[in-house]
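Colleague:
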Amino acid sequence: MSSATGGLKELHQLHLDLDACHKQLDNGPRRIAAHEKRLTARQAEINDQKAHITDLQKAADQKNLQFRTNEQSVGDIKAKLNQARTNVEFDIFKSQIAAKEKENEGLEDEYLTMLEKVDAEKARLEEMNGELKEAEAALQKTKAEFSALEPQVKTQAAGLEVELREAEKCIPTKMMEMYRRLVEAHGPSTLAPLDANACSECFVELSPQNIVEVRTAKFVICKSCGRILYSADPE
Ligand SMILES: [Zn+2]
Numbered sequence: 001m002s003s004a005t006g007g008l009k010e011l012h013q014l015h016l017d018l019d020a021c022h023k024q025l026d027n028g029p030r031r032i033a034a035h036e037k038r039l040t041a042r043q044a045e046i047n048d049q050k051a052h053i054t055d056l057q058k059a060a061d062q063k064n065l066q067f068r069t070n071e072q073s074v075g076d077i078k079a080k081l082n083q084a085r086t087n088v089e090f091d092i093f094k095s096q097i098a099a100k101e102k103e104n105e106g107l108e109d110e111y112l113t114m115l116e117k118v119d120a121e122k123a124r125l126e127e128m129n130g131e132l133k134e135a136e137a138a139l140q141k142t143k144a145e146f147s148a149l150e151p152q153v154k155t156q157a158a159g160l161e162v163e164l165r166e167a168e169k170c171i172p173t174k175m176m177e178m179y180r181r182l183v184e185a186h187g188p189s190t191l192a193p194l195d196a197n198a199c200s201e202c203f204v205e206l207s208p209q210n211i212v213e214v215r216t217a218k219f220v221i222c223k224s225c226g227r228i229l230y231s232a233d234p235e
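Quick note: the sequence shown, position 1, residue 1 per the working numbering, numbers continuous.
In structure tokens, the structure reads:
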């Protein structure tokens, strides 16, 4: 195995490992932010639900007031009934009472239906509060997990950075500027092993001459995708 070929393979692995560390470090805050967003949304839903219940309760109270007022009127008309001076007057009061009582049956039904609705929405609010607690717990768990993981991964990444600088010494000095540009553009996939006789990044077959060059650890760049090629199984 030529040292340069082995060097490129190692360099690629270090890029991949370092990239995995960076992804872990990025993912933590992203997951925490997602949990916080969910929590805020849950809280907003709960506030809406509370407002909805208040509206329903107000409407139910209004209905109840209407019912009580009607009952009062029935009482008033019944008092007049005893003082009716004529049969006609008596019949008018009677029919007024019947109408009010019939109206009140409807009002009472509506009121009870509204109270049931208030109860159902209150039960839903309880569920929502439970969901909010779960969302809070999930956020705290994610935060705790990341707090425990972050220092480990940062230490690991710092170690890999040192190893990477060392491994980059296998890049010919005159190619270093190009290598930096490629890393900037492609990140960890700057390097690609040969897959049979093709570039494993773009799957384009190499010329026989390029294959020999890669296998003899020459510095070869894929003409199709611009990756630095190396032989994964050097002869
Ligand atoms: Zn390629």
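Beta carbons: idealized from backbone N, C-alpha and C, even for Gly.
1) According to DSSP, simplified to helix, strand and coil, what is Val212?
2) To which residues does DSSP link Asp195 through a beta bridge?
3) Taking the DSSP output, what are the residues bridged to Ile228?
4) Between Glu205 and ligand 2, is the CB less than 7 Å from at least one heavy atom?
5) Following a CB-centred definition, is Cys232 positioned closer than 7 Å to any heavy atom of ligand 1?
6) With DSSP as the reference, identify every bridge partner of Glu145, one or two as the case may be.
7) Leaving out five residues on either side along the sequence, give the residues of the same chain with a beta carbon under 7 Å from the beta carbon of Lys63.
8) Relative to ligand 1, is the shortest distance from any of its heavy atoms to the C-beta of Ala196 smaller than 7 Å?
9) Provide the residue span of the alpha helix (DSSP H) that contains Val183, from first to last.
10) Does the pairing of the region 219–227 with the region 182–194 give three or more beta-carbon distances under 8 Å?
11) Taking only heavy atoms of ligand 1 into account, decide whether any of them is closer than 7 Å to the Cβ of Cys222.
12) Skipping 5 residues on each side, what residues in its chain have a beta carbon closer than 7 Å to that of Thr136?
13) Determine whether the beta carbon atoms of Ala245 and Leu16 lie at a separation below 8 Å.
14) Is the region 22–31 touching the region 141–155 in the sense that three or more CB pairs, one from each, lie closer than 8 Å?
Modeller: The relevant details are as follows:
1) By one-based count along the sequence shown, residue 212 stands at place 212. Helix.
2) Numbered from its first residue, the sequence shown carries residue 195 at position 195. Per DSSP, Ala198.
3) On the sequence shown, residue 228 is found 228 positions in, with the first residue counted as 1. Per DSSP, the beta bridge partners of Ile228 are Leu191, Ile221.
4) Among the ligands modelled here, namely ligand 1, ligand 2 does not occur.
5) Looking up residue 232 in the sequence shown gives position 232. Reading off the sequence shown, one finds Ala at residue 232, where the question assumed Cys. Ala232 Cβ: outside cutoff for every heavy atom of ligand 1.
6) Residue 145 sits at position 145 when you count from the first residue of the sequence shown. In the DSSP assignment, Glu145 forms no beta bridge with any residue.
7) Translated into the one-based positions of the sequence shown, residue 63 becomes position 63. Correct list, in chain order: Leu107, Glu110, Tyr111, Met114.
8) Here residue 196 corresponds to residue number 196 of the sequence shown, with the count starting at 1. Checking the 7 Å criterion, the Cβ of Ala196 is out of range of every heavy atom belonging to ligand 1.
9) Here residue 183 refers to the residue found at position 183 when the sequence shown is read from its first residue. Counting along the chain, the alpha helix (DSSP H) containing Val183 begins and ends at 176–186.
10) When C-beta atoms of the region 219–227 are compared with those of the region 182–194, three or more pairs fall below 8 Å, so the two segments count as touching.
11) Translated into the one-based positions of the sequence shown, residue 222 becomes position 222. At least one heavy atom of ligand 1 is found less than 7 Å from the C-beta of Cys222.
12) Here residue 136 refers to the residue found at position 136 of the sequence shown. Residue identity differs from the one stated: residue 136 is Glu in this sequence, not Thr. In the same chain as Glu136, and ignoring 5 residues on each side of it, the C-beta atoms closer than 7 Å to its own belong to Leu39, in chain order.
13) Beyond the ends of the chain as shown, which are 1 and 235, falls residue 245; an answer cannot be given.
14) By the Cβ rule, the region 141–155 counts as touching the region 22–31, because three or more pairs are nearer than 8 Å.
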